[in-house]
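Remarks on the structure that follows.
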Amino acid sequence: MTIAGISLVLILGSVNLVLVLFQVSTGKKWLKINFLWHRRLGLVLLLTAIAHAVLAYLSR
Ligand code: HEM
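Each step along the sequence shown adds one to the number in numbering that gives the first Met the number 0, with nothing skipped, and position 29 is 28.
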């Protein structure tokens, strides 16, 4: 599956990398934000990581 010729698995993998960096930076308080966003985006990351894994498995 692709969007504008780019694999959705690659897009989701890149989104996951950015979200993991955000979660660790905010969890360690290196980046100061309203902590609600750490909790919300942690759950978003769970969903995007599952979608990434399922799509990668299906496109083998
Ligand atoms: C993959 C997703 C997540 C990552 C990678 C992550 C990462 C981290 C890290 C590195 C810390 C600091 C831990 C420490 O220094 O001892 C932290 C703290 C914390 N995280 Fe997350 N987190 C994630 C998701 C979540 C979610 C979904 C919630 C809640 C719904 C949550 C709630 C908290 C809380 C309450 C703390 C403690 C903050 C404090 O010390 O004041 N995290 N997280």
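We put the beta carbon where it would ideally sit given N, CA and C, even for glycine.
Which whole-angstrom value describes the C-beta separation of residue i and residue j, a residue pair presumed to lie in contact below a C-beta threshold of 8 Å?
i: N15; j: L45; result: Contact flag wrong, Cβ pair sits at about 10 Å.
Helix or strand or just coil, what does DSSP make of residue i?
i: I49; result: helix
i: S6; result: strand
Whole angstroms is fine: what's the gap from residue i's alpha carbon to residue j's?
i: S13; j: G4; result: 15 Å
i: V23; j: R59; result: 31 Å
i: A52; j: I2; result: 17 Å
i: K28; j: R38; result: 13 Å
i: K31; j: T25; result: 6 Å
Is residue i near residue j, with beta carbons less than 9 Å apart?
i: L18; j: L54; result: no
i: L11; j: A50; result: yes
i: S40; j: F21; result: Before going on, a small fix: residue 40 reads as Leu here, not Ser. Yes, they are a contact pair.
Problem set entry | For review: beta carbons within less than 6 Å of any heavy atom in the ligand HEM | In chain order, the residues positioned with their C-beta nearer than 6 Å to some heavy atom of the ligand HEM are V19, Q22, V23, G26, K27, H37, R38, G41, L42, L44.
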